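The next block holds one structure in the form of structure tokens; read it before the comments.
So this is what it looks like as structure tokens:
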């Protein structure tokens with residue numbers, strides 16, 4: 001089947017993955033970043049950001065707290081970020097392995113290569129996948145939010161320039177939080193559309209194969225239907241890729257703060 005031509009996109013990995021699974025193009029934007037931000041920020045947000053940029057930075061902490069060992073502080077914070085990311089990634093990976101194993105057991109073994117889509121596959125509800133995705137989003141939001149707040153506080157002790165950066169980042173976080181929540185909340189809906197398309201396509205192929213085999217008995221083994229549940233396995237892989245891409249997107253502010261901390 002000829003897939004529609006899609007424009008390559010070099011932006012965030014989450015956008016690229018969603019463009020692939022939804023089979024949609026991502027047109028190049030002619031709107032600059034400042035112009036885009038001006039559309040997202042209300043006037044109260046703009047005032048808060050301007051105040052953060054113009055205000056005197058908080059005085060850095062002096063004494064024992066800053067002489068503890070700069071390299072040690074950076075190492076500890078970097079390790080904390082790495083552990084958090086590894087934990088979140090492991091949770092995403094564990095669900096994929098556990099869910100796939102459960103699905104295989106529920107279908108029974110072995111799977112016949114020539115089997116068509118099973119009846120229960122046609123009635124699988126996306127609701128459980130939505131619940132899982134939203135639970136993972138909540139875990140990411142909580143854990144990464146704590147990291148970001150911690151790094152902001154640590155940067156605030158590293159000198160006037162870094163204290164100002166921490167203040168600006170905290171202001172931007174508050175200003176864009178609602179927009180980010182709204183956009184990311186739409187991801188499960190996009191996945192549901194993908195889920196439905198894969199399921200319906202697989203069922204249509206299985207039905208057509210069964211009909212052809214019934215009309216021409218001698219062609220039963222010449223026309224192979226997809227393995228039972230193959231569409232669902234493909235969807236799980238796609239959902240796994242989207243979750244990892246969202247994790248990468250959510251971690252970008254943390255990585256930026258950590259890079260600033262290393263340079264301080």
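Numbering (the working numbering), first residue to last: 1 to 264.
Where is the CB? At the ideal position from N, CA and C, for every residue including glycine.
Please read these numbers as outputs of a predicted model, since none were measured by experiment.
In or out: residue 88 buried (at least 16 other Cβ within 10 Å) or exposed? By 1-based counting over the chain shown, the position of residue 88 is 88. Flag for residue 88 reads buried.
Validate contact between the region 144-159 and the region 226-240 using beta carbons, cut 8 Å, 3 pairs: Contact check between the region 144-159 and the region 226-240: fewer than three CB pairs, one atom from each, fall below 8 Å, which does not count as touching.
Under 8 Å: do the region 243-261 and the region 75-95 share three or more Cβ pairs, one atom per stretch? Counting Cβ pairs under 8 Å, three or more are found: they touch.
From 125, 135 and 70, pick the residue whose C-alpha is nearest to that of residue 91; which is it? On the chain shown, position 91 is the one that residue 91 refers to. The candidate whose alpha carbon is nearest that of residue 91 is 135.
Residue 182 lies in the alpha helix (DSSP H); which residues open and close that run? As a position in the chain shown, residue 182 is number 182, starting the count at 1. Note, residue 182: alpha helix (DSSP H), 160-185.
Drop a sphere of 10 angstroms on the beta-carbon of residue 262, count the other beta-carbons inside from all chains shown, and report buried for 16 or more, exposed for fewer. The sequence position of residue 262 within the chain shown is 262, counting from 1. Counting Cβ neighbours within 10 Å, residue 262 comes out exposed, since fewer than 16 surround it.
Have a look at residue 152 and residue 42 and give me their C-alpha separation to the nearest angstrom. Reading the chain shown from its first residue, position 152 is the one you call residue 152. Reading the chain shown from its first residue, position 42 is the one you call residue 42. C-alpha separation (whole angstroms): 23 Å.
Enumerate in chain order the residues of its own chain whose CB-to-CB distance from residue 260 is below 8 Å, with the five nearest sequence positions on each side excluded. For the purposes of this step, residue 260 is taken as the residue at position 260 of the chain shown. Once the five neighbours on either side are set aside, the close Cβ partners of residue 260 are 155, 162 and 165.
What do you get for residue 137, buried or exposed, if any count of 16 or more other CB atoms within 10 angstroms of its CB means buried? Within the chain shown, the letter at position 137 stands for residue 137. Counting the other Cβ atoms within 10 Å of the Cβ of residue 137 gives 16 or more, which makes it buried.
How long is the line joining the alpha carbons of residue 208 and residue 241, rounded to whole angstroms? Working through the chain shown from its first residue, we reach residue 208 at position 208. Working through the chain shown from its first residue, we reach residue 241 at position 241. If you draw a straight line from the Cα of residue 208 to the Cα of residue 241, it comes to about 30 Å.
Residue 169 to residue 251, Cα distance in whole Å? Here residue 169 refers to the residue found at position 169 when the chain shown is read from its first residue. Here residue 251 refers to the residue found at position 251 when the chain shown is read from its first residue. So the two alpha carbons sit approximately 14 Å from each other.
With H, G and I counted as helix, E and B as strand and the rest as coil, what does DSSP make of residue 200? Taking the first residue of the chain shown as 1, we reach residue 200 at position 200. Of the three classes helix, strand and coil, the one that applies to residue 200 here is helix, per DSSP.
Nearest residue (CA-CA) to residue 176, options 187, 93 and 253: On the chain shown, position 176 is the one that residue 176 refers to. Minimum Cα distance to residue 176 is reached at 253.
Grab me the residues of residue 126's own chain with a C-beta within less than 7 Å of its C-beta, minus the 5 sequence neighbours each way, in chain order. As a working mapping, residue 126 is identified with position 126 in the chain shown. Once the five neighbours on either side are set aside, the close Cβ partners of residue 126 are 192 and 195.
N- and C-terminal bounds of the alpha helix (DSSP H) containing residue 265: With the chain covering 1 to 264 only, the question about residue 265 has no answer from this structure.
If you follow the alpha helix (DSSP H) that residue 13 is in, where does it begin and where does it stop? Residue 13 sits at position 13 when you count from the first residue of the chain shown. Its alpha helix (DSSP H) spans residues 13-21.
Near residue 74, which residues of its chain fall below 6 Å by C-beta distance, leaving aside the five closest residues on each side in sequence? Counting from 1 along the chain shown, the entry for residue 74 is found at position 74. Result list for residue 74: 261 and 262, in chain order.
Starting from the Cα of residue 237, find the closest Cα among 167, 14, 96 and 143 and give me that residue. Taking the first residue of the chain shown as 1, we reach residue 237 at position 237. Closest by alpha carbon: 96.
Of the listed residues 145, 189 and 239, nearest to residue 17 (C-alpha basis): Taking the first residue of the chain shown as position 1, residue 17 is located at position 17. Comparing Cα-Cα distances from residue 17 to each of 145, 189 and 239, the minimum goes to 239.
Would you mind working out which of 186, 133 and 81 sits nearest residue 147, comparing C-alpha positions? On the chain shown, position 147 is the one that residue 147 refers to. Selected option, being the one with the closest Cα: 81.
CA-CA distance, residue 189 and residue 139? Counting from 1 along the chain shown, the entry for residue 189 is found at position 189. Counting from 1 along the chain shown, the entry for residue 139 is found at position 139. Answer to the nearest angstrom: the Cα atoms are 19 Å apart.
DSSP-derived helix/strand/coil call for residue 24: Residue numbering aside, residue 24 sits at position 24 when the chain shown is read from its first letter. Three-state result, residue 24: coil.
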